[in-house]
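Chemist: Structure in structure tokens, see below.
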Amino acid sequence: GRPVSLYEAVGGEETFTRLVRRFYQEVADDPVLLAVYPAKDLGPAEEHLRLFLIQYWGGPATYNELRGHPRLRMRHVRFHIGETERDRWLKHMRTALDELDLDPALDAQLWDYLVMAAHSLVNVAPQD
Ligand code: HEM
Numbered sequence: 008g009r010p011v012s013l014y015e016a017v018g019g020e021e022t023f024t025r026l027v028r029r030f031y032q033e034v035a036d037d038p039v040l041l042a043v044y045p046a047k048d049l050g051p052a053e054e055h056l057r058l059f060l061i062q063y064w065g066g067p068a069t070y071n072e073l074r075g076h077p078r079l080r081m082r083h084v085r086f087h088i089g090e091t092e093r094d095r096w097l098k099h100m101r102t103a104l105d106e107l108d109l110d111p112a113l114d115a116q117l118w119d120y121l122v123m124a125a126h127s128l129v130n131v132a133p134q135d
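Residues in the sequence shown are numbered from 8 upward in steps of one, following our numbering.
In structure tokens form, the structure reads like this:
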């Protein structure tokens, strides 16, 4: 039969909704990351990340319909993202992912991608 997408294998929309909601609960408590976000309301950012990840992993392409091509690197250029912000972003994502308690192979696939993507979005050189 048709290969099962990671989106389906981890439980579909509900799993990504939980992941991103938990992640943004951590962001809401992190002064370093809050300083990066232009708006006080993290709701739209949460929804965009949720739709992006759903689309990336083989679910509905609603993100593209609403936002156009992701162009993540370009969309993050205006934010100050150094190693500190990257590592806090990943720490909160790790917390959220741990709580999903996914099959280890699926967890690793998601995590490896998130680590790679977060590293690719750093746009501020480390201070020496
Ligand atoms: C949007 C920060 C990594 C996906 C944003 C926004 C900020 C931000 C400030 C804008 C929110 C708004 O407009 O209110 C960061 C920081 C990161 C990071 C500090 C640390 C490395 C990532 C990664 C991904 C990602 C790794 C994907 C795997 C997105 C998406 C949006 C977004 C999809 C919405 C883009 C749009 O449609 O406008 N991020 N981000 N971000 N981020 Fe990140």
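From the three backbone atoms N, C-alpha and C, an ideal C-beta is built for every residue, glycine too.
I need the DSSP call for isoleucine 88, collapsed to helix, strand or coil.
Modeler: Isoleucine 88 falls in the coil class under three-state DSSP.
Chemist: Is histidine 55 helix, strand or coil by DSSP?
Modeler: Helix at histidine 55.
Chemist: Please find out if some non-hydrogen atom of the ligand HEM comes closer than 8 Å to the beta-carbon of valine 129.
Modeler: yes
Chemist: Between His126, Asn130, Leu128, Leu117, which has its C-alpha nearest phenylalanine 23's C-alpha?
Modeler: Leu117
Chemist: For aspartate 114, name the three-state secondary structure that DSSP assigns.
Modeler: helix
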